[in-house]
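S.K.: The structure follows.
Here it is in structure tokens:
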């Protein structure tokens, strides 16, 4: 049998189903808002409508109740929620905030919005979240906070990192964009730090197109997030706020239609996460027979929300490099409905370590004179986070061919593609040699 990458017949030609958790409830909610005629009710001044309309406020109440927190503040994206969180902790220019190199870029660039310096710490070999020991090595007298992503759907090492943060009097900002519904010792991801931020972006577990929610139990942090969300500088005088640090005005407001949709989506979260867990467990069991594939590990006392199904490839178990093997598997499969231009939703490496992006390599953010790094000795050279670099270059691969809506037959096709390529892996030796030339 010939592999598809060499002209053979692929395992699957039919597109995989598109992940779509939107249903009739969301349509009814949108119509309810349209019938009201109030698509947004914010005012950018100190007024009872400063906090938004009924759908926004109700979403915040329901979110806070679901996750067991005192405050939930709706914003128009997880990115803007991270910006609000960094501003809310009263960060100062040139202070340092420890971030992950292996996450969506906003988790690392958020400090720059307030002229703070991102400092990268390495990730864990098994769980891919920030490593507590690597964080400790990066702490200096300038360190103000740690931004910890719950990467791929697994909560960060809250016991270890929170204890370290308490020891050094640091804030913990939890980026829970990929882990809504995951649990750590009975508490929800997103509620484990001082501030948590969720995403409602279109390809997340639940979504309203674009949106986010910031959660906290701290009265002062909640107030500052609410102010930064909605033109803070125009409000502080009327509100009587004395400490106006970082009270710079943004428009990070979530409208009524998106809030109404998000309310419907929240009610589906538990079931949608459960389906992801079932699908990933099924795939992991089936793929366990392929020696170089290392199954994802779950931290003790945690559950995994599986934003992505991430595995490792041990090149010591075979003469075939990860990239050659995964490219051959991709050739056996098809794209997904409505995401055809992205090709097969199976990829190598996740993101290039973020410190290798031009913004950090050239240290150019504001103007051309090196701000905010002008007085900083923080470096971003290759090798500062060797685990992240190894995952990107040779070990980690991931896919999203396990979302709700995938049938057992769909999942079986994914497995068959991996098995076929493994069975005929010797046919890839020439490809491997060309790659290494």
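Residue numbers (the working numbering): 2 to 438. From the three backbone atoms N, C-alpha and C, an ideal C-beta is built for every residue, glycine too.
1. Going by the DSSP bridge assignment, what does residue 198 pair with across the sheet?
2. Note down, in chain order, each residue of its chain lying with its Cβ closer than 7 angstroms to the Cβ of residue 234, except the 5 sequence neighbours on either side.
3. Would you identify the three-state DSSP class for residue 237, choosing helix, strand or coil?
4. Using only CA atoms, which one of 6, 5 and 16 lies nearest to residue 410?
5. Hey, out of 129, 10 and 379, whose CA is closest to residue 96's CA?
6. Based on the DSSP secondary-structure assignment, which residues constitute the bridge partners of residue 297?
7. Can you list, in chain order, the residues of its chain with a C-beta nearer than 7 angstroms to that of residue 315? Leave out the 5 residues immediately preceding and following it.
8. Quick check on DSSP: helix, strand or coil for residue 311?
9. When you compare only the Cα positions, how much space is there between residue 175 and residue 130?
10. Under the rule that 16 or more other beta-carbon atoms within 10 Å means buried, what is residue 252, buried or exposed?
11. So, helix, strand or coil for residue 12, using DSSP?
12. Determine the contact status of residue 257 and residue 34, defining contact as a CB-CB distance below 8 angstroms.
13. I need the boundaries of the alpha helix (DSSP H) containing residue 208, first residue and last residue.
14. With burial defined as no fewer than 16 other Cβ atoms inside 10 Å of the residue's Cβ, what is the status of residue 220: buried or exposed?
15. I'd like the span of the beta strand (DSSP E) that includes residue 1, first residue to last.
16. Quick check on DSSP: helix, strand or coil for residue 163?
17. Return the CA-CA distance between residue 278 and residue 270, expressed in angstroms with no decimal places.
18. Does the region 113–125 come close enough to the region 397–415 that 3 or more CB-CB pairs lie under 8 angstroms?
19. With three or more C-beta pairs closer than 8 angstroms as the rule, is the region 381–393 touching the region 351–369?
20. Do you know offhand how far residue 369's Cα is from residue 362's?
21. Under a three-way DSSP split, which group does residue 252 fall into?
22. For residue 323, which residues of its own chain have a beta-carbon under 7 angstroms away from its beta-carbon, when the five flanking residues on both sides are left out?
23. Comparing C-alpha positions only, which one of 332, 377, 19 and 126 sits nearest to residue 8?
24. Counting Cβ pairs closer than 8 angstroms, one from the region 137–156 and one from the region 44–61, do we hit at least three?
25. Among all the DSSP beta bridges, which residues are the ones paired with residue 72?
26. For residue 94, count the other beta carbons within 10 Å of its own beta carbon; 16 or more makes it buried, fewer makes it exposed. Which is it?
27. Where does residue 445 land, buried or exposed, given buried means 16+ other C-beta within 10 angstroms?
28. Compute the beta-carbon to beta-carbon distance between residue 347 and residue 330, rounded to the nearest angstrom, for a pair I have assumed lies under 8 angstroms.
29. Give me, in chain order, the residues of the same chain whose beta-carbon lies closer than 6 angstroms to that of residue 371; leave out the 5 immediate sequence neighbours on both sides.
30. For residue 373, does the count of other Cβ atoms within 10 angstroms reach 16, so buried, or fall short, so exposed?
31. According to the neighbour-count rule (16 or more other Cβ atoms, all chains shown, within 10 Å of its Cβ), is residue 66 buried or exposed?
32. Kindly indicate which residue of 343, 169 and 76 has the alpha-carbon position closest to the one of residue 138.
33. So the candidates are 425, 127, 255 and 22; which of them puts its Cα closest to the Cα of residue 389?
34. With three or more C-beta pairs closer than 8 angstroms as the rule, is the region 191–202 touching the region 74–94?
35. Report yes or no: do the region 80–91 and the region 222–229 share at least 3 C-beta pairs separated by less than 8 angstroms?
36. Taking a contact to mean a Cβ-Cβ separation below 8 angstroms, would you say residue 71 touches residue 218 in this structure?
M.R.: On the basis of the data shown:
1. Position 197 of the chain shown, counted from the start, is the residue given in the question as residue 198. Answer is 176 and 215.
2. Locating residue 234 in the chain shown gives position 233, where the first residue counts as 1. So the qualifying residues of the chain are 248, 249 and 250.
3. If you number the chain shown from 1, residue 237 lands on position 236. Residue state, collapsed to three classes: helix.
4. The residue labelled residue 410 in the question sits at position 409 within the chain shown. Checking every option, the nearest Cα to that of residue 410 belongs to 16.
5. The sequence position of residue 96 within the chain shown is 95, counting from 1. Considering only alpha carbons, the answer is 379.
6. Taking the first residue of the chain shown as position 1, residue 297 is located at position 296. None, per the DSSP bridge assignment.
7. Locating residue 315 in the chain shown gives position 314, counting from the first residue. So the list reads 293 and 295, once near-sequence residues are dropped.
8. Here residue 311 refers to the residue found at position 310 of the chain shown. Correct three-state label for residue 311: strand.
9. In the chain shown, counting from the first residue as 1, residue 175 sits at position 174. In the chain shown, counting from the first residue as 1, residue 130 sits at position 129. If I take the Cα positions, the gap works out to 11 angstroms.
10. Along the chain shown, read from residue 1 onward, the residue named residue 252 stands at position 251. Counting Cβ neighbours within 10 Å, residue 252 comes out exposed, since fewer than 16 surround it.
11. Residue 12 sits at position 11 when you count from the first residue of the chain shown. Three-state result, residue 12: coil.
12. Translated into positions along the chain shown, residue 257 becomes position 256. Translated into positions along the chain shown, residue 34 becomes position 33. Yes; because the gap between Cβ atoms is below 8 angstroms, this pair is in contact.
13. Position 207 of the chain shown, counted from the first residue, corresponds to residue 208. Premise fails: residue 208 is in no alpha helix (DSSP H) and is neither H nor E.
14. In the chain shown, residue 220 corresponds to position 219, counting from 1. Counting Cβ neighbours within 10 Å, residue 220 comes out exposed, since fewer than 16 surround it.
15. Residue 1 lies beyond the stretch modelled for the chain, which goes from 2 to 438, so this question has no answer here.
16. For the purposes of this step, residue 163 is taken as the residue at position 162 of the chain shown. Residue 163: helix per DSSP, three-state reduction.
17. As a first step, residue 278 is located in the chain shown; it is residue number 277 there, counting from the start. As a first step, residue 270 is located in the chain shown; it is residue number 269 there, counting from the start. In a straight line, the C-alpha of residue 278 is about 12 angstroms away from that of residue 270.
18. no
19. yes
20. By one-based count along the chain shown, residue 369 stands at place 368. By one-based count along the chain shown, residue 362 stands at place 361. Spanning the two alpha carbons is a distance of roughly 13 angstroms.
21. In the chain shown, the residue the question calls residue 252 occupies position 251. Strand at residue 252.
22. As a position in the chain shown, residue 323 is number 322, starting the count at 1. Here the set comprises 314, 316, 349, 395, 396 and 398.
23. As a first step, residue 8 is located in the chain shown; it is residue number 7 there, counting from the start. Out of 332, 377, 19 and 126, 332 has the C-alpha closest to the C-alpha of residue 8.
24. no
25. As a working mapping, residue 72 is identified with position 71 in the chain shown. DSSP lists 217 as partners of residue 72.
26. Start at 1 with the first residue of the chain shown, and residue 94 comes out as number 93. The residue in question, residue 94, is exposed, as its Cβ has fewer than 16 Cβ neighbours within 10 Å.
27. The structure shown does not extend to residue 445, since the chain is modelled only from 2 to 438, so the question has no answer here.
28. Translated into positions along the chain shown, residue 347 becomes position 346. Translated into positions along the chain shown, residue 330 becomes position 329. Right, the Cβ-Cβ distance comes to about 6 angstroms (below 8 angstroms), so this counts as a contact.
29. Working through the chain shown from its first residue, we reach residue 371 at position 370. Within the same chain, residue 371 has close Cβ partners 364.
30. Taking the chain shown and counting its residues from 1, one reaches residue 373 at position 372. Under this definition residue 373 is a buried residue.
31. In the chain shown, residue 66 corresponds to position 65, counting from 1. Exposed.
32. In the chain shown, residue 138 corresponds to position 137, counting from 1. Residue 138 has its Cα closest to that of 169, out of 343, 169 and 76.
33. Within the chain shown, the letter at position 388 stands for residue 389. Ranking the options by Cα distance to residue 389, first place goes to 127.
34. yes
35. yes
36. For the purposes of this step, residue 71 is taken as residue 70 along the chain shown, with counting starting at 1. For the purposes of this step, residue 218 is taken as residue 217 along the chain shown, with counting starting at 1. For residue 71 and residue 218, yes; Cβs fall inside 8 angstroms.
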